[in-house]
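Here's the structure, in structure tokens; my notes come after.
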């Protein structure tokens with residue numbers, strides 16, 4: 134596919150403040166997310182990372198500006214067109230957002246059951262193959278409450294992949310996971326992307342660990358964005374808020390990573 | 002925080018209007034979801050079991066005690082005028098037209114309504130509802146509409162059970178304990194209860210069932226939009242309490258309005 138996967142043009146998003154006034158989360162920002170690549174969106178708490186994801190998914194609407202997905206203007210999209218757009222996305226939520234009353238198999242097969250006309254056998258084959266690829270075979274009958282944090286994320290990833298998305302969005306995919314599980318999730322992610330070729334957007338604080346995956350890093354700060362294409366570029370930035378971000382968020386791990394490179 | 006009372010009043014007015022608008026669209030989307038494919042018959046049956054069969058014990062207990070109290074109170078009052086023969090009429094009319102629909106709705110709000118509100122609230126704060134949206138699965142068709150259908154089916158049936166058990170309770174208290182003639186208890190009931198009375202009871206039970214499921218699911222669905230609810234688990238608990246209180250008061254207000262209009 135030609136052109137960017139996602140494009141923000143002069144997007145403005147404000148929220149009313151309690152007691153009057155507004156808080157500008159995105160202040161007429163413009164950036165694009167390349168097709169088939171991995172973009173990481175980073176920034177401190179409350180800087181608009183999750184809002185950006187929600188705007189992409191049309192779970193929230195921009196107050197001004199336009200948003201494009203593969204060239205299609207989705208800013209005000211509604212109804213059937215919105216449903217069709219959403220089937221082109223896969224989303225892995227921060228807490229995996231699995232349905233507590235459904236088993237692993239039922240959770241993963243849900244989008245196929247609800248959005249396709251596949252037979253039970255076809256659904257079983259597809260879900261079985263995905264579960265096997267993500268190391269979840271044997272856990273089909275378990276409920277989310279019986280799974281570890283890492284396994285829940287894997288189930289969430291398996292569910293997100295079922296409709297063969299063009300763009301995969303990850304909201305803090307490794308929050309709450311230990312370093313081993315974090316590496317495991319990133320490994321699975323890299324393998325899956327290599328196989329399926331989707332574009333991906335990762336919202337994460339965990340910048341040092343995903344440098345090996347990121348083709349582009351977008352840092353949000355006080356409503357503005359800075360776009361970088363390499364870790365070195367971030368380190369060489371003269372902007373005070375970027376330097377502060379490097380110091381506080383990336384710290385020693387980042388430094389050691391640069392040495393390794 | 003604003004200290005200007007006029008401004009606070011204005012903000013509250015705007016909030017109430019927004020909330021009403023939100024809830025109205027919620028109701029319309031819930032009804033639209035009933036007709037959207039694929040239909041969720043199994044989920045409707047599961048909800049009927051939860052709202053209807055699951056509430057049966059509490060409904061029977063409440064109905065039996067209410068009917069017995071009505072029997073005793075009715076006997077005490079009617080006996081003063083030597084009209085204890087009309088006890089069946091007093092008990093049955095009170096239950097069919099008022100207490101049956103109202104108390105059933107209050108019990109369903111307390112038992113099933115609170116659970117529905119908490120379930121949806123938890124699904125909202127754990128991104129499960131957003132996940133449905135992101136998979137292009139209509140959350141109304143998938144989650145809300147089956148609850149509406151089940152409540153509209155279950156609440157009138159539970160009300161009927163309440164009426165029957167309550168009348169039996171009144172019989173036990175009035176006839177067995179206080180010595181009213183069984184024939185006059187049944188006869189007075191047959192003589193005074195008309196189709197109009199039954200119709201009023203059925204209409205009320207439908208309306209109350211709708212109010213309870215609407216308010217309870219709506220509060221849970223919009224848990225983040227509700228002023229003063231806070232965040233996380235605390236918001237779910239506050240909104241659940243609010244849903245039960247609000248649906249109970251709304252049922253009582255609508256009871257008066259329906260009685261005034263339809264009686």
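Chains as they are written, first to last, in the numbering used here: chain A, 134 to 394; chain B, 2 to 264.
No residue lacks a Cβ here, since even glycine has one placed at the ideal position from N, Cα and C.
For residue i, does the count of other Cβ atoms within 10 angstroms reach 16, so buried, or fall short, so exposed?
i	result
residue 114 (chain B)	buried
residue 153 (chain A)	exposed
residue 225 (chain B)	exposed
residue 254 (chain B)	exposed
residue 406 (chain A)	In the structure as shown, chain A starts at 134 and stops at 394, and residue 406 (chain A) therefore has no counterpart that could be examined.
residue 80 (chain B)	exposed
residue 287 (chain A)	buried
residue 257 (chain B)	exposed
residue 312 (chain A)	exposed
residue 335 (chain A)	buried
residue 85 (chain B)	buried
residue 347 (chain A)	buried
residue 206 (chain A)	exposed
residue 77 (chain B)	exposed
residue 369 (chain A)	exposed
residue 328 (chain A)	exposed
residue 118 (chain B)	buried
residue 32 (chain B)	exposed
residue 180 (chain A)	buried
residue 252 (chain A)	exposed
residue 150 (chain A)	exposed
residue 285 (chain A)	buried
residue 163 (chain A)	exposed
residue 365 (chain A)	exposed
residue 233 (chain A)	exposed
residue 120 (chain B)	buried
residue 138 (chain A)	buried
residue 254 (chain A)	exposed
residue 15 (chain B)	exposed
residue 182 (chain A)	buried
residue 102 (chain B)	buried
residue 205 (chain B)	buried
Assuming residue i and residue j are in contact, meaning their beta carbons sit under 8 Å apart, how far apart are those beta carbons, in whole angstroms?
i	j	result
residue 64 (chain B)	residue 202 (chain B)	Contact doesn't hold; Cβ gap of about 13 Å is too wide.
residue 1 (chain B)	residue 208 (chain B)	Here chain B comprises residues numbered 2 to 264, so residue 1 (chain B) is not present and cannot be evaluated.
residue 1 (chain B)	residue 48 (chain B)	This structure does not reach residue 1 (chain B), given that chain B is present from 2 up to 264, and the question cannot be answered.
residue 243 (chain A)	residue 306 (chain A)	So it is not a contact: roughly 20 Å between Cβ atoms.
residue 252 (chain B)	residue 152 (chain B)	That pair is no contact at about 13 Å.
residue 229 (chain A)	residue 289 (chain A)	4 Å
residue 108 (chain B)	residue 60 (chain B)	6 Å
residue 352 (chain A)	residue 175 (chain A)	5 Å
residue 263 (chain A)	residue 237 (chain A)	That pair is no contact at about 11 Å.
residue 256 (chain A)	residue 245 (chain A)	5 Å
residue 182 (chain B)	residue 87 (chain B)	Incorrect: roughly 11 Å between the Cβ atoms, too far for contact.
task: Scan the region 250-318 of chain A and note each continuous alpha helix (DSSP H) run of 4 residues or more that stays entirely inside, going in chain order.
output: 253-266 and 282-294
- request: Closer than 7 Å, Cβ to Cβ, to anything on chain A: give me those residues from the region 124-155 of chain B, in chain order.
  value: 127, 128, 129, 131, 132, 134, 135, 136, 137 and 138
query: Between the region 293-308 of chain A and the region 206-223 of chain A, do three or more beta carbon pairs fall short of 8 Å?
result: yes
field: Contact between the region 315-323 of chain A and the region 156-165 of chain B (3+ Cβ pairs under 8 Å)
entry: no
message: Measuring CB atoms only, is the region 92-110 of chain B touching the region 66-78 of chain B, in the sense that at least three cross pairs come out at less than 8 Å?
response: yes
task: Say whether the region 273-283 of chain A touches the region 197-212 of chain A, bearing in mind that this needs 3 or more beta-carbon pairs closer than 8 Å, one atom from each stretch.
output: no
- request: Output the residue ranges of the alpha helix (DSSP H) runs that lie fully inside the region 349-385 of chain A and measure 4 residues or longer, sorted by chain position.
  value: 364-369 and 373-378
field: Every unbroken alpha helix (DSSP H) inside the region 146-193 of chain A [4 residues or more]
entry: 182-189
message: Any contact between the region 234-248 of chain B and the region 51-63 of chain B? By contact I mean 3 or more CB pairs, one from each, below 8 Å.
response: no
field: the region 20-32 of chain B in contact with the region 118-136 of chain B per 3-pair CB rule at 8 Å
entry: no
Near-chain B residues of the region 302-314 of chain A - C-beta to any C-beta below 9 Å: 302 and 304
message: At 3 residues or longer, what runs of the beta strand (DSSP E) sit wholly inside the region 60-136 of chain B?
response: none
Start-end ranges of the beta strand (DSSP E) lying completely within the region 193-248 of chain B, minimum 3 residues: none
message: Any C-beta of chain B within less than 7 Å: which residues of the region 211-222 of chain A qualify?
response: 216, 219, 220 and 222
- prompt: Hey, which unbroken runs of the alpha helix (DSSP H) at 4 residues or more fall wholly within the region 195-255 of chain A?
  reply: 212-219 and 237-248
message: Can you pull out the residues from the region 156-187 of chain A whose beta carbon lies closer than 7 Å to at least one beta carbon of chain B?
response: none
- prompt: According to a CB-to-CB cut-off of less than 8 Å, which residues of the region 245-261 of chain A neighbour chain B?
  reply: 247 and 248
query: Taking only runs of the alpha helix (DSSP H) that begin and end inside the region 20-49 of chain B, which ones reach a length of at least 4 residues, in chain order?
result: none
- request: Return the residues of the region 333-361 of chain A that lie within a Cβ-Cβ distance of less than 8 Å from chain B, sorted by chain order.
  value: none
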